[in-house]
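Since the structure comes first, as structure tokens, the remarks are kept for the end.
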Amino acid sequence: MCVSSRQRRGIGGSVASMALFLLSTAGVFALTFAFVIRLTTQTCPTRLFLFGVLFSLAFSCLLAHCLALLGFSVARGWGEAGVALALFTLQVVIATEWLIIVLLRDGQPCQYFQGEFVMLLIYVLVLLAAGLVLSLCCLCSSCLTYSYSYSGGSRRQTQVQATLLCLTLLLSAAIWVVWIALLTRGNMEMGRRPQWDDPVLSIALVANGWVLLLGHGLAQVVLLCRWEASSKEGPLDFGGWTSPNANLPGLGNLIEGRENRSFENDGRKQDPVFQSPYESGFSMTEIDPDKDYSIPRPQTTNISEPYDVYYGHSLSD
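Residue numbers for the sequence shown follow the numbering used here, so the first one is 2 and each next one is one higher.
Here it is, written out as structure tokens:
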């Protein structure tokens with residue numbers, strides 16, 4: 002993986018949320034085949050259930066990431082993935098309840114009208130609208146103040162993420178407005194219902210899938226890898242402490258003539274040029290190790306009564 006093991010704990014929630022988002026995006030592309038095939042008793046439950054569930058998971062991940070960038074404590078770390086799953090669960094309950102009521106309790110065949118299909122996606126539209134508003138707030142906050150995300154990104158990185166989130170959600174909202182308008186009124190007014198219903202939904206799935214993948218999926222992975230690469234700390238090199246000149250080229254070559262330090266010409270003496278930051282003009286080899294360099298300290302001869310001699314001398318006088 003791009004992330005080192007030392008930093009995996011800090012950004013584990015972001016990676017988990019990104020994995021859920023990529024899974025939902027892959028499901029959106031795969032769901033296109035359910036609308037390419039004509040409507041049957043097998044494809045009908047798949048359309049009704051997975052359409053809202055997959056988009057709710059994708060928009061929940063985007064919404065949770067907006068909360069994380071805004072600094073909400075509930076969305077920090079692993080809380081980001083937890084918030085996304087909690088928001089996604091409600092759409093699962095709504096779609097499951099509709100299928101149970103229609104198929105099991107009433108015993109009716111799986112059929113739906115265009116308006117009924119859109120009504121099942123009201124909660125998904127709420128997630129989309131909330132994510133769009135929060136992304137705009139995050140973008141304004143990152144531009145006006147120094148905002149730092151929980152993963153340690155700088156202000157510039159937060160601005161890039163907020164811009165991509167806002168652009169992704171804005172394009173997704175535009176796609177949803179277009180396909181809902183065509184499905185509910187446009188196709189009927191143009192006399193293309195039901196021939197254009199499934200193609201409209203298929204095109205909407207593919208278009209929104211690419212917007213999610215390019216706008217947030219791949220872009221977030223690239224930002225995550227760049228952040229990890231820039232935060233790597235190189236290992237410290239302590240070779241200079243033991244051998245300052247170990248890595249200097251031509252150290253073992255024989256020095257002759259003017260290159261030899263023992264050779265000096267007449268005239269002005271040039272200042273020595275040091276080849277290493279550890280090298281200095283003071284050489285430890287010039288100090289005699291047998292010579293005593295300690296500083297003598299004063300000592301008193303009469304420790305018990307140091308002033309007896311003084312007073313005795315003064316009295317005798």
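Quick reminder that beta carbons are idealized off the backbone N, C-alpha and C, glycines included.
All values derive from a computational prediction rather than experimental measurement.
Spatial neighbours of residue i within its chain, please: CB distance less than 8 Å, with the 5 preceding and 5 following residues excluded, ordered by chain position.
i, result
"V84", "S61, L64, A65, L68, V75, A76"
"I176", "A205, A208, N209, V212"
"A131", "L64"
"T42", "P110, C111"
"D199", "F36, V37, R39, L40"
"V179", "A205"
How should residue i be labelled, buried or exposed, when 16 other C-beta atoms within 10 angstroms of its C-beta is the threshold for buried?
i, result
"L133", "buried"
"A205", "buried"
"A163", "buried"
"E98", "exposed"
"Q109", "exposed"
"Q112", "exposed"
"F141", "For the record, residue 141 in the displayed sequence is Cys; it is not Phe. So C141 counts as exposed."
"G80", "buried"
"V103", "buried"
"V94", "exposed"
"G14", "buried"
"P299", "exposed"
"L23", "buried"
"I181", "buried"
"L135", "buried"
"L145", "exposed"
"L105", "exposed"
Identify, in the order they occur along the chain, each residue of the same chain with its Cβ nearer than 7 Å to the Cβ of residue i, setting aside the five sequence neighbours on each side.
i, result
"V161", "L224"
"S143", "R156, T159, Q160, A163"
"L320", "Because residue 320 is not part of the residues shown, which for the chain are 2 to 318, the question remains open."
"L21", "L58, C62, A82, A85"
"S203", "T33, F36, V37"
"G116", "T185"
"L168", "G216"
"G192", "none"
"W242", "Confidence at W242 is low in this model, with a pLDDT of 45, below 50, so its placement is unreliable and no value can be given for it."
"L100", "P46, L49, F50"
"P297", "none"
"V127", "none"
Less than 6 Å between C-beta atoms, sequence neighbours within five positions excluded: which residues of the same chain meet that for residue i?
i, result
"S25", "L55, L58, A59"
"W197", "N188"
"V125", "G53, F56, S57"
"L88", "S61"
"L183", "V201"
"Q220", "What sits at residue 220 in the sequence shown is Ala, not Gln. These residues qualify, in order along the chain: L165."
"F118", "none"
"T44", "A35, I38"
Select from the options the residue whose C-alpha is nearest the C-alpha of residue i.
i, options, result
"L122", "S203, F22, R48, T169", "R48"
"L71", "D291, L184, L137", "L137"
"A96", "P200, I296, F50", "F50"
"C139", "L166, L184, Q221", "L166"
"S18", "I296, V222, D293", "V222"
"M120", "L105, Q92, C226", "Q92"
"V29", "L214, F114, T41", "L214"
"A27", "E190, G218, V127", "G218"
"G78", "V16, A220, A31", "V16"
"F114", "D291, P195, K292, I296", "P195"
Any beta-carbon of chain B closer than 8 Å to the one on residue i?
i, result
"V54", "Of the protein chains in this structure there is only one, and it is not chain B."
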